[in-house]
Amino acid sequence: MPQLDIDLVKALNTGKCWAVVGSGPSCELGVPSWSALALGALEECQSELPQTALAAARKEAVLNQYPNVFETLSNNLGRARLLHVLEGLCKPQAPRSQGQLYHKLARWPFSNYITTNYDDLLEDSLRSARTDFLVRRNSRDDLSAMRADTQRTIFKIHGDWSTPHDVVLTGADYRELEHGKPKDFIADKLFAVLSMFDVVIVGYSATDPDFLEQLQRAKKVASPKRPVFMFASGVDTTVAQSLLLEYNVRIIGYANPDGHHVQLLRLLEQYDPFVCKRGSRYLVEAPPEDGSSETAASLYLFTSLRLLADGNPVSNACGALILLALAASEAGTIGLVALPNALLEKAGVRLPVDPESLFGTATDLVSRGLAVFSGPGQSLLTLTPEGRRTVAVATAQRQENKDRFLSAARNTVLRAHPETTPDAAREISETAARVLSGVFRRRGLEIARTVLEDFPVDLAEAPDILALLNTFSSSLPAEQQGSFFELMVNVLTNPSPEMKPYMASLTQGYFAYHVLGLDPKCSTERLAHARDKCWVMDASILIKALARECRDNAYALDLVQRMLSLGLRCTTTEALIDEVSEHAQWGITLGQELGDVPERILAWVSSSEGSSNLFVDGYIHWATDGRGNPRFADYMRECLGDYEHLTVTSCVKRQLTGLGMQITHIAKELQNVPVDSAELTHLADEIQTYRKARGTYKNEHQCQAEAEVLWLAMHRPTVFLSQSYVLNHVLRSESAVSWTPEAVYRFTTLFGDTPSNPEAVYESMLDSPFGNGLDVVDHETMRKYADPLIAQTRMAVQQELDNYERALAGKATARVTMDDFDKVPDEQKPLYSVRLISFLQRQIAQETARLEQAAHASQMNTKEGRDYVRLKSEERRRQEKKNRQLRKKASQPRHKGAHH
1 MPQLDIDLVK ALNTGKCWAV VGSGPSCELG VPSWSALALG ALEECQSELP QTALAAARKE
61 AVLNQYPNVF ETLSNNLGRA RLLHVLEGLC KPQAPRSQGQ LYHKLARWPF SNYITTNYDD
121 LLEDSLRSAR TDFLVRRNSR DDLSAMRADT QRTIFKIHGD WSTPHDVVLT GADYRELEHG
181 KPKDFIADKL FAVLSMFDVV IVGYSATDPD FLEQLQRAKK VASPKRPVFM FASGVDTTVA
241 QSLLLEYNVR IIGYANPDGH HVQLLRLLEQ YDPFVCKRGS RYLVEAPPED GSSETAASLY
301 LFTSLRLLAD GNPVSNACGA LILLALAASE AGTIGLVALP NALLEKAGVR LPVDPESLFG
361 TATDLVSRGL AVFSGPGQSL LTLTPEGRRT VAVATAQRQE NKDRFLSAAR NTVLRAHPET
421 TPDAAREISE TAARVLSGVF RRRGLEIART VLEDFPVDLA EAPDILALLN TFSSSLPAEQ
481 QGSFFELMVN VLTNPSPEMK PYMASLTQGY FAYHVLGLDP KCSTERLAHA RDKCWVMDAS
541 ILIKALAREC RDNAYALDLV QRMLSLGLRC TTTEALIDEV SEHAQWGITL GQELGDVPER
601 ILAWVSSSEG SSNLFVDGYI HWATDGRGNP RFADYMRECL GDYEHLTVTS CVKRQLTGLG
661 MQITHIAKEL QNVPVDSAEL THLADEIQTY RKARGTYKNE HQCQAEAEVL WLAMHRPTVF
721 LSQSYVLNHV LRSESAVSWT PEAVYRFTTL FGDTPSNPEA VYESMLDSPF GNGLDVVDHE
781 TMRKYADPLI AQTRMAVQQE LDNYERALAG KATARVTMDD FDKVPDEQKP LYSVRLISFL
841 QRQIAQETAR LEQAAHASQM NTKEGRDYVR LKSEERRRQE KKNRQLRKKA SQPRHKGAHH
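Encoded structure:
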């Protein structure tokens, strides 16, 4: 069987297609073909005919000139007698319920039918399908109803037995239909209507007298942009090719050796799964063909499984890959710091997973007895015998599942087509296994439903799947292509129990691919969405980025660089810069008041009056780091530049822009939205009221600066990097305006490298032995997110981006804090949680590259050495005091609901 015509499927699924129906479907029920009808009439009437007329009629029959046979009979017997004989001969010989061709045509969503048949079998089939169609014949009044807006009508353009005078039967009738003045109205009407719609002609044989009539009509109405599709038997391949090239008439041929059009039924059955049925909610509106639904489905899976799902599928996927990497490594051991590279080698791309999660996964494997920490400082991860057994079982089971799938596929082909050779059946089944990965890419959710719930994939919504099957079928001999299509329909809509385990394993790989965020189209869409936002840095984070060596300085700089490397637009406002400048100026003034003497500054910081100023904090670390003459002015110069000759504000701006940040003005940012001063004042008042109620109010300027950010967020996509959730509470929106630095850091880890060979990464995930002990998603989660109400082809990117945004907002704000955490000044709040910091420390070189005390002290003169040792001791005591305070605070009960 040749490949299925995708354009035909698309035309049918619009619900606007017209069908022109010939005698083929009636012949299936025993209604005689043209040749059988002519010979039957001659046999029944031979005794009534003169010998010369009988001989002439038989000669016409041999030449397949059946209208001339009937004209001879009509001229000699009379038209009424002939019609009476023919009506008797045209009774169906089989029960009408057995008419599979009519059953198919009645269920396909044709808007109207034109038929040259005299019987009422088409009407009966539509009635049985609970579809009411109006029947009109070929009178002028009836054909006047043939218009562009006509719906649910059958036009019997050759009449039927109920109107004998309008039946088109004899040669004279056909000549009148083609050239006669009374009948040219029919031709004009047909041309006017059919030239506006897609037309499918079905059930004609090249020997039928009606075939040439329909072929001529097809030639007239076809156009380069609108082909006419014609199911017909007996059409020579050369003729079919000529019709396609010259007229865009697409002949879909089939063999019809016995005149019963059995092969037509098989052909329609091949198309049937891909055709929408009457009543489908997706008729008329074709699914998108730009790949957007595939991207939307990827977004849906990433959001559902990475951001919302219980059971941590991303950890499951990473755990399975770690075990596979350990099993493939020498001695089954990988260093913890080498895990990302090991997974890169295994998956073909660096996984977008933050280091804390990766280490947490390794810890989980250890707790399950599948691996152990080993080596110096427990820095290695080693596979245990149980872990090796788990990998071996999963790998062996995966191969067995595939073998069973191939065996079941071969048997399916051989049962349906016993004439198929074993080698051909094997080739067909192996092709089916290869095509599955591509089908999963497009319909993985629906296949998961098929495997879990016996919910068939809706192939009527799958022109892309049909295109894929056509591509793979082209590698098979023509005689095997029909069997391949039948097998794939069976696999996707009703897989056998022997097929399902292999498909379930592919499902796990499909989910792993998406939960890990490896789909480049999904990543591109998510990244474009992020780049469309304005990422505004709060003053507390800007201060940490500028105050060299203060707590979290390295992390703040790393975060900014991570964001910039993704192409995110890091900005701040003039008002927030004023807060930074004020903080810096306070530190400068303090240093001047204390005479720039390190001991006095350290003593002041250690006193109960000590400030939370981060420039002073940074100076303490900087001064105790081996510098011989650690002046505060020198430190501030490193942080701000030449602040002694320029304003502090201009220095702050210069340093921030040097980091790659932009300084935005809300009036410029919102060019089409005039700034409403009254509304800004109202927002500032709301923020002030909220902060005072929470005990976090500092001054009006802070509230005004936050009001500007809130105004910006109300008019364009904006994220406020802040350690306070005040704006989220004031805005009262589903989307979070304020994200903590930790939330933003985790967000940046959702994006990995772009793979050089994305297809190889996808195939690697599907080929990995997930499942059978290396499960990524459990059945309950699959059932939850592979909802039968979800049509994968109808997923919209924007809708899934909105869902993704809401899930991100939930992740960004889902944090339980201590009751008094919001009262802590933002500058004193840690940028990241303690657990996350321990992993970031390994990655930020400048944070771990401090010089050893003895090495530095030995390079100083005696006085400088003594000063250094004294300052270092003071710093150590101060840090121990702070640690005691933190431990005491951490031991206090935590309370939910005390969010910013």
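Quick note on numbering: full-length UniProt numbering labels position 697 of the sequence shown as 697, and the sequence is numbered without any gaps.
Ideal Cβ positions, reconstructed from N, Cα and C, are used throughout, including at glycine.
Same chain, Cβ closer than 6 Å to proline 769, neighbours up to 5 away in sequence not counted: Ala394, Thr395 and Arg398
Report yes if the C-beta distance between methionine 537 and leucine 721 is below 8 Å; otherwise report no. yes
CA-CA distance, alanine 331 and phenylalanine 511? 30 Å
For chain C, find out if any of its Cβ atoms is closer than 8 Å to the Cβ of glutamate 419; answer yes or no. This model lacks chain C altogether, as it is built from one protein chain only.
Please determine, among Thr150, Leu63 and Tyr513, the residue with the shortest C-alpha to C-alpha distance to residue 904. Since the first residue shown for the chain is 1 and the last is 900, residue 904 is missing from the structure and cannot be characterised.
Given a threshold of 16 other Cβ atoms within 10 Å of its Cβ, counted over all protein chains shown, does aspartate 132 qualify as buried or as exposed? exposed
Is tryptophan 586 helix, strand or coil when you go by DSSP? helix
For asparagine 112, report the span of its alpha helix (DSSP H) as first-last. First-last for asparagine 112: 112-115, but that is the beta strand (DSSP E), not the alpha helix (DSSP H).
Between the alpha carbons of leucine 264 and phenylalanine 231, how many angstroms are there, rounded? 8 Å
Do the segment 376-396 and the segment 415-427 meet, that is, are 3 or more Cβ pairs less than 8 Å apart? no
Taking the Cβ atom as the reference point for each residue, do glutamine 704 and glutamate 579 lie within a distance shorter than 8 Å? no
Is isoleucine 541 helix, strand or coil by DSSP? helix
If you check the beta carbons only, do glycine 171 and asparagine 68 fall under 8 Å apart? yes
If we call anything under 8 Å between Cβ atoms a contact, is alanine 325 one with lysine 346? yes
Name the DSSP bridge partner or partners of serine 374? Leu380
Report yes or no: do the segment 444-463 and the segment 775-792 share at least 3 C-beta pairs separated by less than 8 Å? yes
Determine the direct distance from the alpha carbon of glycine 517 to that of alanine 786, and round the result to whole angstroms. 18 Å
Coil, strand or helix - serine 858 by DSSP: With a pLDDT of 45 at serine 858, under the threshold of 50, the modelled position of that residue is not reliable, and no figure is offered here.
How many angstroms separate the CA atom of arginine 569 from the CA atom of alanine 547? 22 Å
So, glutamate 294 versus arginine 442, is the Cβ gap smaller than 8 Å? yes
DSSP bridge partner residues for glutamine 662 (one or two, in chain order): Thr571
Neighbourhood of glutamate 549 by C-beta distance below 6 Å, restricted to the same chain and skipping five residues each side: Gly618, His621 and Trp622
Candidates Phe632, Glu430, Val168 and Leu215: closest to alanine 584 by CA position: Phe632
Answer with buried or exposed for asparagine 316, where buried requires no fewer than 16 other C-beta atoms within 10 angstroms of its C-beta. buried
For threonine 153, list the residues DSSP reports as bridge partners. Asn112 and Leu134
Tyrosine 118 beta carbon less than 8 Å from that of histidine 158: yes
Taking arginine 389 as part of the alpha helix (DSSP H), name the residues at either end of that continuous run. 385-416
From the DSSP output, in three-state form, read off serine 367 for me. helix
Spatial distance of leucine 281 from aspartate 149 (CA atoms): A small fix is needed here, since residue 281 is arginine in this sequence, not leucine. Between arginine 281 and aspartate 149, the C-alpha separation is close to 20 Å.
Counting pairs of beta carbons, one from the segment 664-681 and one from the segment 590-600, are three or more of them closer than 8 Å? no
Please give me, in chain order, every unbroken run of the beta strand (DSSP E) with length at least 3 that falls completely inside the segment 173-245. 199-205 and 228-233
For valine 69, name the three-state secondary structure that DSSP assigns. helix
For alanine 36, which of helix, strand or coil comes out of DSSP? helix
Please state if the CB of alanine 145 and the CB of residue 942 are separated by a distance shorter than 8 Å. The structure shown does not extend to residue 942, since the chain spans only 1 to 900, so no value can be given for it.
If we call anything under 8 Å between Cβ atoms a contact, is leucine 710 one with valine 730? yes
Does the distance from the C-beta atom of alanine 342 to that of serine 329 stay below 8 Å? yes
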